[in-house]
Every structure is written in structure tokens, then in C-alpha cells.
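Colleague:
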Amino acid sequence: MALLAILFSTVLILAIRKSRTYCKCYGNLLTIRATFESLAAVVVAGFFSTLILIQYDPPVALNATLSSIYIFALSNAYVLHLVVSLNRCTAIYAPFFTNRFFEVNARTGITLGVGVIISLAITALPYFGTCSILVFHKYKYDLMPWGCKEIKDHLLAKAVNIIWASFTFSALAIDLATLLKIILYSYEQRKACFTKSSSMLVQRNIRFFLQTFFQNVVICLGVALTHFLKDRFEVAEARFYCALFQILSGFVLNGSVDNNEHN
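The sequence shown runs -21 to -1, 1 to 242 under mature numbering (1 follows the signal peptide of the UniProt record, and there is no 0).
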């Protein structure tokens, strides 16, 4: 599934390069997000495939390095999930603000830079405890604190997942607000004479909305399943496959939406 996730990310990036969004804010955000998600999938596939196929158990230092790269890449992806949702929401509620803020290349670069800083802070968070590091657990297929002896160290490790979940559910909440605006606008236009231009505008806004909504629903569902049902999984690999399903589904759902009319 990790290889399929990488494949779909490549297809998504190639599709963006051929669309009107290429070299624009929305296309840049999607491209960079897909790149970070692909990097996370590469790390997961590389670590666990060698562990499963050739029973290679890497040293703690290498394991910690790979897990830090994974945390950094996935943190960037989650931050960009939120930024893309904000982009789509402001495009519907305040299009003038979107044109002034998101479509300026310098400000887009600043946004990405802030995302990198936030991701570095999240990656460094576990290092403040006596555990010092999060590593991939070879049996539970998940990130686990290494050598923890104090409760606060486990809390630092859980803080990473809590931050990821907060970004994801915030993006979903923003998407729901966007959906509300689309429904209200469609209802108002339907009460009036529904012209061809207004119909095309509604369809375009719906495409903007679908670009992030379904992916955020899938990711929130995956977060909920891995959190609330983690003790009920009979097979440890189930959590690993559920995490990969989030990434894979995100690429499929994003790639299934037409990008050609995005600004």
C-alpha cells in the first residue's frame, strides 16, 4: 500500500503540472503536500519491508533518524491539509482576501516556511523527555517511545499524535463551514433565477470543496479508528495498514477531482 501511495502521489503531481494550478498557490500546496506524504510512505515502506523480508533490525540511531524524518514529513502534510482547507474556505467566503494573500508567491513561501518551522517543533517535541526519541516498533508497527521510565515521556509521545489529530479535525471543521456556505449559496440561487453562470460557479465551488473534504474525512476516520480501536485489533499489522490506507485514500480522492478549473 505504501508503494501504491507513492504511485498515486506521482500521478497527482503530474496532473497538477498539466493543469492551470501549476506554479500557483493551490497547485504548489497540493504538490508539496503530496511530496511530503510520499516521503512518509517511502520511510514506512523502507523500514518495515526490510524488517519483514530480510529480518533486518536497524540500530536505534538509524531507527530514530527514520522516525524523525517520518514525523517531520507527516507533520508538514497535516499542516498543509489545514492550509489547503483554509485556502478553499476563504475562496468561497472571502475571494478578495484569497487573491491578496494566497496567490502572492512570497506569502505562499512564508506560509510553507511557517509550516516547516511547526513541523520541526513537532519533531523535536519528544526529545524534551528522558526517552529522547520515538522509534518504530517492529511488532506494533507504530511509533513508540524508546526506553521510557516516566509518565511525562509517554505524554510527550502522545502529544505528537494529539497535534496531528488537532490539525486534521480542524481542517474537517473548516471544510464543514465551507460546505454550509455552498449549501446556503445554492439555496439562495435556486430561489432566484438560476443562471448558467451561477450554476457553473456553484459547480466550481463544489469541486474546490471536494478536493479537501473527502480526504479529511478519511484521515479523521483513520485517526479515530487507530485511537479508539487500537486495543481491539487482533493483529498488530492492522494499525499499520490503517495508517497507509489514510495516505492511499487521500491520493485517490484528490486525484479523482478535476483540477483544470482551479485558480
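All C-beta atoms in this analysis are idealised placements derived from N, C-alpha and C, irrespective of residue type, glycine included.
Per DSSP, what are the beta-bridge partners of Phe26 in this structure?
Modeller: Along the sequence shown, read from residue 1 onward, the residue named residue 26 stands at position 47. Beta-bridge pairing links Phe26 to no other residue.
Colleague: Does Pro38 pass the burial test, meaning 16 or more other C-beta atoms within 10 Å, or should it be called exposed?
Modeller: Against the sequence shown, residue 38 aligns to sequence position 59. Exposed, by the Cβ-count rule.
Colleague: Output yes or no for whether 9 Å exceeds the beta carbon distance between Gly94 and Val62.
Modeller: Numbered from its first residue, the sequence shown carries residue 94 at position 115. Numbered from its first residue, the sequence shown carries residue 62 at position 83. A contact, by the Cβ cut-off of 9 Å.
Colleague: Grab me the residues of Trp143's own chain with a C-beta within less than 6 Å of its C-beta, minus the 5 sequence neighbours each way, in chain order.
Modeller: In the sequence shown, the residue the question calls residue 143 occupies position 164. For Trp143, where only same-chain residues beyond five positions count, the Cβ hits under 6 Å are Tyr57.
Colleague: The beta strand (DSSP E) with Phe51 in it runs from where to where?
Modeller: Start at 1 with the first residue of the sequence shown, and residue 51 comes out as number 72. Counting along the chain, Phe51 falls outside any beta strand (DSSP E), though it belongs to the alpha helix (DSSP H) covering 39 to 72.
Colleague: Name the two residues that bound the continuous beta strand (DSSP E) containing Leu113.
Modeller: Numbered from 1 along the sequence shown, position 134 holds the residue referred to as residue 113. Per DSSP, Leu113 belongs to the beta strand (DSSP E) from 113 to 116.
Colleague: Per DSSP, which one or two residues make a beta bridge with Leu122?
Modeller: Sequence index remark: in the sequence shown, residue 122 carries index 143 (1-based). In the DSSP output, where bridge partners are listed per residue, Leu122 has Phe115.
Colleague: Measure the alpha-carbon distance for Arg67 versus Thr87 and round it to whole angstroms.
Modeller: On the sequence shown, position 88 is the one that residue 67 refers to. On the sequence shown, position 108 is the one that residue 87 refers to. Taking the straight line from one Cα to the other gives about 14 Å.
Colleague: Measure the alpha-carbon distance for Asp36 versus Tyr106 and round it to whole angstroms.
Modeller: One-based indexing of the sequence shown puts residue 36 at position 57. One-based indexing of the sequence shown puts residue 106 at position 127. Roughly 22 Å between the two C-alpha positions.
Colleague: Kindly list the residues whose CB is nearer than 7 Å to the CB of Ile101, restricted to its own chain and excluding five residues on each side of it in sequence; keep chain order.
Modeller: The residue given as residue 101 occupies position 122 in the sequence shown. Answer for Ile101: Ile50, Ser54, Val139, Ile142, listed in chain order.
Colleague: So Leu135 packs on Leu104, CB below 8 Å; how close in whole Å?
Modeller: Translated into the one-based positions of the sequence shown, residue 135 becomes position 156. Translated into the one-based positions of the sequence shown, residue 104 becomes position 125. With a Cβ gap of about 6 Å, Leu135 and Leu104 count as contacting.
Colleague: Relative to the C-alpha of Phe115, which residue among Asn42, Leu9, Thr69 is closest?
Modeller: Within the sequence shown, residue 115 is the residue found at index 136, counting from 1. It is Asn42.
Colleague: Of the residues Ser46, Thr29, Tyr72, which one's Cα is nearest the Cα of Asp154?
Modeller: Within the sequence shown, the letter at position 175 stands for residue 154. Looking at the Cα atoms, Tyr72 is the closest of the given residues.
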